Structure formats: C-alpha cells, structure tokens
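Report on the following structure.
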C-alpha cells in the first residue's frame, strides 16, 4: 500500500510542477511584416476621405 502511494506521488509531482513552469509567450513568436502597395487601384486599395488606406487587398492583409 505504501509503495502504491509513493509511486502515485512520484508520478503526480512532475505533472504538477510542469503546470507551474511558464510557457513561451505568444507575443514573442509574432513577426512584423512590412508590406508595400500602390493605392491607386480602387476597389482593391485606395485612400478614403480621411486619407486612410482601405480596400479589399488591405482587408485581406489584416485578416
């Protein structure tokens, strides 16, 4: 009986300690991309009244 209890403890302890170790953050894995475009082809990409770039291509890039 004592042997089963000790074996259970030896199995459970590393599992509990593994849950406490912090994992890698997702933000560190994200990359930054620089994309160039020609905003003269409406409706694919164009500058709106607020001079912000909008259009189908830019929506696809953001998705």
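In this note's numbering, the protein residues as written are 607 to 669.
For glycine and all other residues, C-beta sits at the position ideal for the given N, C-alpha and C.
Quick caveat, the model's predicted, so the values are computed rather than measured.
Let's see if you can read the secondary structure: which residues bound the alpha helix (DSSP H) around residue i?
i	result
residue 625	608-626
residue 662	662-668
Which whole-angstrom value describes the C-beta separation of residue i and residue j, a residue pair presumed to lie in contact below a C-beta threshold of 8 angstroms?
i	j	result
residue 660	residue 652	7 angstroms
residue 667	residue 641	6 angstroms
If I follow the unbroken beta strand (DSSP E) through residue i, where does it start and stop?
i	result
residue 653	651-653
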